[in-house]
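Chemist: So the protein lines, in turn, are chains R and H. Residue numbers for the first sequence, in UniProt numbering: 1 to 192. Residue numbers for the second sequence, in UniProt numbering: 1 to 192. Heads up, the beta-carbon is just placed ideally off N, CA and C, and yes, glycines get one too. One structure, pasted below without further comment.
Number of protein chains: 2
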Amino acid sequence: MTTVPLRKDAARNWHRILEVGRGLVDEGAPIQLNDVARAASVGVATVYRHFPTPEALVETIAGPGIEALIEHAESALPESAPDRDESWAALRDFLFAGVDAQARDASLQPVFAAPRSALPRTAELKERLAARYGELFDRARAAGAVDPGVAREDLVPLMCGVIFAASVHPTADRAATARRYLAVLLDGVRRR
Amino acid sequence: MTTVPLRKDAARNWHRILEVGRGLVDEGAPIQLNDVARAASVGVATVYRHFPTPEALVETIAGPGIEALIEHAESALPESAPDRDESWAALRDFLFAGVDAQARDASLQPVFAAPRSALPRTAELKERLAARYGELFDRARAAGAVDPGVAREDLVPLMCGVIFAASVHPTADRAATARRYLAVLLDGVRRR
DNA sequence: GCTCAAAGCGGATAGTCCATCCGCTTGACG
DNA sequence: CGTCAAGCGGATGGACTATCCGCTTTGAGC
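Structure representation (structure tokens):
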């Protein structure tokens with residue numbers, strides 16, 4: 001992955017495109033690369049060169065958000081202490097953080113929900129995040145805090161499901177609904 | 001809603017179109033009305049006349065599935081007896097039935113997940129179904145079997161979320177995963 | 001500061017897909 | 001059988017996608 005540094009103009013355009021893309025994502029608009037080009041005052045080909053598909057653009061937009069989640073997870077992990085309640089609390093907090101992030105940043109949802117193969121650029125990031133979540137999960141599970149019917153691989157799907165469910169509910173505040181649903185779900189995930 | 005009966009040829013075409021549409025839905029293909037027309041040996045305009053959008057076609061395809069769920073619910077409801085465990089079991093069984101149906105019939109998912117306003121044709125059916133689920137829910141709730149943080153209006157979103165989560169999970173058997181997730185979720189919904 | 005190779009640019013345009021319109025056909029009914 | 005409205009079909013304009021290629025800009029080397 002040794003990338004030659006971009007030429008000055010190319011870097012400028014890259015940022016402009018990303019900015020426009022971020023704006024579109026935030027307002028929930030569908031991403032059409034020709035429109036992005038016009039809005040960024042850039043040729044169509046320039047957009048397509050940097051981002052061959054809308055998904056590639058969204059992926060790149062989502063990058064920082066994923067990294068933030070990873071850092072969040074890493075900063076809190078090392079304090080070990082596999083006490084049952086603590087390990088559960090740590091897992092729960094990160095799931096809430098993940099749901100909050102997805103509710104806040106619309107670029108995350110499609111990236112998390114997409115199959116691994118569809119997102120070459122973020123595959124490695126997702127891997128790292130999954131590994132962090134997995135560690136938290138394993139600790140909680142080892143401490144006996146988790147229902148044995150739930151596995152590591154279920155965490156991301158379940159988080160996506162929570163966000164999706166909240167977006168189906170015809171409510172103004174999607175984030176609050178998502179938190180509520182996650183709370184209910186976690187009552188089921190927690191072992192009794 | 002007094003509809004003039006269709007002319008013989010129109011009815012024939014209508015069925016052909018629906019059949020083709022059902023096939024496409026079953027194989028998970030995206031629905032393009034021009035393709036449907038060709039596959040049904042029918043003019044494009046004929047398809048558009050019956051179904052102005054792909055959603056309208058899916059809606060109609062989903063109709064019988066929704067009706068089956070309604071009947072299922074109605075046939076079991078009247079036996080009243082608001083005993084706590086029984087009312088919970090009835091609610092649970094119908095949620096499982098709903099999830100199973102969605103896993104089996106791909107046309108249901110978009111219809112359930114769509115906002116009321118987007119689906120003029122099925123709005124009334126969805127209403128009826130929601131009313132049935134609502135009754136089951138209210139009975140269970142009145143019997144104290146349900147977590148007070150969950151409301152009637154949450155049932156459909158949560159079911160959609162379960163299906164969505166299962167479809168994110170990279171597994172062969174989506175139906176089984178969905179059932180598993182629903183079981184976990186219901187552990188959280190049930191009052192302890 | 002000048003030169004020049006190559007990295008990068010942009011927009012014209014060919015390829016697709018979508019949905020409407022309108023002249024023709026067919027079924028219903030007396 | 002004749003009438004005529006309901007219904008048919010596909011040609012076609014409009015929108016969107018993505019590529020190609022001739023031109024411009026950059027920056028490394030002198």
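Per DSSP, which one or two residues make a beta bridge with H/R49?
Modeler: Looking at the DSSP assignment, H/R49 forms no beta bridge with any residue, so it has no partner.
Chemist: Using a 10 Å radius around the Cβ and a threshold of 16 neighbouring Cβ atoms, would you call R/A45 buried or exposed?
Modeler: Exposed is the call here.
Chemist: So R/Y133 contacts chain H; which residues on that side make the cut at Cβ distance below 8 Å?
Modeler: Here the premise fails: no neighbours, minimum Cβ distance about 14 Å.
Chemist: Kindly indicate if chain R contains any beta-carbon less than 8 Å away from that of H/E153.
Modeler: True, the Cβ-Cβ gap to chain R drops below 8 Å.
Chemist: For the candidate residues H/A103, H/A10, H/D105 and H/A89, whose alpha-carbon lies nearest to that of H/V189?
Modeler: Of H/A103, H/A10, H/D105 and H/A89, the residue nearest in Cα terms is H/A89.
Chemist: At a CB-CB cut-off below 7 Å, which residues of chain H make contact with R/F164?
Modeler: Chain H residues near R/F164: C160, G161 and F164.
Chemist: Please classify R/E67: is it buried, with 16 or more other beta-carbons within 10 angstroms of its beta-carbon, or exposed?
Modeler: Exposed.
Chemist: Near H/S41, what residues of its chain come up, given a Cβ to Cβ distance below 6 Å and the 5 sequence neighbours on each side ignored?
Modeler: None.
Chemist: The ligand GDP and H/D100: does any heavy atom of the ligand fall closer than 7 Å to the residue's C-beta?
Modeler: As presented, the structure is devoid of all ligands, the ligand GDP included, so that no description of it is given.
Chemist: Counting only beta-carbon atoms, is R/D105 nearer than 8 Å to chain H?
Modeler: No, R/D105 lies away from the interface with chain H (no Cβ there is under 8 Å from its Cβ).
Chemist: Are there three or more Cβ pairs, one per stretch, closer than 8 Å when the segment 51–60 of chain R is compared with the segment 86–105 of chain R?
Modeler: These segments do not touch.
Chemist: Around the C-beta of R/T177, are 16 or more other C-beta atoms found within 10 angstroms, so that it is buried, or is it exposed?
Modeler: So R/T177 ends up on the buried side.
Chemist: Quick one: is H/A113 near chain R, going by C-beta distance under 8 Å?
Modeler: At least one chain R Cβ lies under 8 Å of H/A113.
Chemist: Could you pull the DSSP bridge partners for R/V146 from this structure?
Modeler: Paired residues: R/R190.
Chemist: Distance check for H/E19 and H/D26, CA to CA, integer angstroms please.
Modeler: Cα-Cα distance, rounded: 11 Å.
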